[in-house]
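K.L.:
In our numbering, the protein residues as written are 1 to 132.
Each residue gets a CB set at the ideal place from its N, CA and C atoms; glycine is no exception.
Take this structure, written in structure tokens, and hold onto it; I'll ask about it next.
Right under this line is the structure:
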């Protein structure tokens, strides 16, 4: 993130209601938010960089088409400056040690979570990005 630019967050979740709710929570917190319904759409959006620059990606670990870990690994290979928050309603997904080995993964959130928890995770991710 540069200057006083509004932080831009990409929200990836195949559940429309969840994705829209997360996006609303973040927009209410002052973030510029773009939504993607799956990992392939998100990778296409990220591939349009620099016109689609993102600071943080919030992604579900259970995605159709490309699994969450492969999506995050591929995304970070292509965009190592990104910081990632992975979310899941499945505890075993949150305990996946493969995510811990990826440098850009900042934190995990278990569904359901509060607006404050989501915004706090994004702030931690932005802070981590400042120290890269």
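Mapping DSSP to helix, strand and coil, what is residue 103?
P.N.:
Coil, per DSSP.
K.L.:
So, under 8 angstroms CB-CB, residue 72 and residue 86 are touching, yes? Tell me the CB distance rounded to an integer number of Å.
P.N.:
About 7 angstroms; that satisfies the 8 angstroms criterion.
K.L.:
So what's residue 28 in DSSP terms, helix, strand or just coil?
P.N.:
Of the three classes helix, strand and coil, the one that applies to residue 28 here is helix, per DSSP.
K.L.:
Since I believe residue 59 is in contact with residue 84 (beta carbons under 8 angstroms), could you give me their beta-carbon distance rounded to a whole number of angstroms?
P.N.:
Yes, residue 84 and residue 59 are in contact; Cβ-Cβ is about 7 angstroms, under 8 angstroms.
K.L.:
Run the CB neighbour count on residue 80, radius 10 Å, all protein chains shown included, and call it buried at 16 or more, exposed below.
P.N.:
Label assigned to residue 80: exposed.
K.L.:
Please report how far the alpha carbon of residue 23 lies from the alpha carbon of residue 34, in whole angstroms.
P.N.:
Taking the straight line from one Cα to the other gives about 8 angstroms.
K.L.:
Going by the beta-carbon positions, is the gap between residue 19 and residue 13 smaller than 8 angstroms?
P.N.:
Cβ distance < 8 angstroms, so residue 19 and residue 13 count as in contact.
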